[in-house]
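**Q** Structure in C-alpha cells, see below.
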Amino acid sequence: MATAGFTCVHCSKWFRSKIGLGVHMQSQHREEYEASIKVPKSKTRWSAEEIALMAMSEANFLREGRSLEVNSYLLSQFPNRTREAIKGQRRQVKYKDLVKEYMSKTLVSSGPCSADLDSFGSASSVSVSSPSSSNLTTSL
C-alpha cells in the first residue's frame, strides 16, 4: 500500500486525493461530516438597545479624554461581537449621530453618567452624580 494519500479517520479507508476523501465522508459518514463543518448559520443582527449601549459606552470613553483604541475598549465591553462588527457599526452615520447625541447630553462632564433606555433605545432619563451635588435625575 502507498504511504502518500489520505485516510478516513472513521473507517481507515485510503484515498489518493483529498477530494476523494471528502466525497467518501459526505456519502458514508454524513453525520460526522456535517458536525465537522463550522460555518455560522446566520449573522447576529444588532438590536437598537445594543447599539445605544455601545454608543453610550463610547461617549463615556471619549468623555474621559481617551480617544485611542476605542475599538479595543468596545470589544472588551461587548465580548460577543467581533472587532470587525464593532468597526462596521461605528462607521454608520446613524451610530455617529447617536454618539454625538450622548456626548451633548452630558450635564456635568466630571461626574459619572448613567442613562435609562426606553423601549425604543433612546435615553429617557439621565442620572449624574458629582462631588458638589447629590444625585441629579433629569427626565428627558
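Numbering (UniProt numbering), first residue to last: 1 to 140.
Quick reminder that beta carbons are idealized off the backbone N, C-alpha and C, glycines included.
I need the boundaries of the alpha helix (DSSP H) containing phenylalanine 61, first residue and last residue.
**A** From DSSP, the alpha helix (DSSP H) with phenylalanine 61 extends over 48–63.
**Q** Going by CA-CA distance only, name the one from Cys8, Arg90, Arg16 and Asp97 that's closest to serine 27.
**A** The option with the nearest alpha carbon to serine 27 is Cys8.
**Q** Output yes or no for whether 7 Å exceeds the beta carbon distance between alanine 59 and tyrosine 95.
**A** Going by C-beta atoms, alanine 59 is not nearer than 7 Å to tyrosine 95.
**Q** Jot down the residue ranges of each uninterrupted beta strand (DSSP E) in the stretch 66–99, minimum 3 residues, whole runs only, in chain order.
**A** The stretch 66–99 contains no whole beta strand (DSSP E) run of 3 or more residues.
**Q** Mark threonine 44 as exposed unless 16 or more other C-beta atoms lie within 10 angstroms of its C-beta, in which case mark it buried.
**A** When all chains shown are included, threonine 44 counts as exposed.
**Q** Only counting the same chain, and skipping five residues up and downstream in sequence, which positions put a Cβ closer than 8 Å to that of serine 119?
**A** In this prediction, serine 119 scores a pLDDT of 42, lower than 50, which makes its location untrustworthy; no coordinate-derived value is stated.
**Q** Taking only the alpha-carbon atoms, compute the straight-line gap between valine 73 and glycine 22 and give it to the nearest angstrom.
**A** Reading off the sequence shown, one finds tyrosine at residue 73, where the question assumed valine. Between tyrosine 73 and glycine 22, the C-alpha separation is close to 42 Å.
**Q** Exposed or buried, which one is cysteine 113 when buried takes at least 16 other CB atoms within 10 Å?
**A** Note on cysteine 113: pLDDT 46, under 50, position unreliable in the model; no value is reported.
**Q** Counting only the same chain and skipping the five closest in sequence on each side, list residues whose C-beta sits under 7 Å from that of serine 57.
**A** Correct list, in chain order: Leu74 and Gln77.
**Q** What's the C-alpha gap between methionine 25 and valine 93?
**A** Computed Cα separation, rounded: 47 Å.
**Q** Compare the C-beta of cysteine 11 with all C-beta atoms of chain D and state if any pair is closer than 7 Å.
**A** You won't find chain D in this structure, because it holds only one protein chain.
**Q** Give the range of the alpha helix (DSSP H) segment to which residue 143 is assigned.
**A** A query on residue 143 cannot be resolved here, the shown segment of the chain reaching from 1 to 140 and no further.
**Q** Taking just the CA atoms, how far does glutamate 32 sit from isoleucine 86?
**A** Distance between the alpha carbons of isoleucine 86 and glutamate 32 is about 34 Å.
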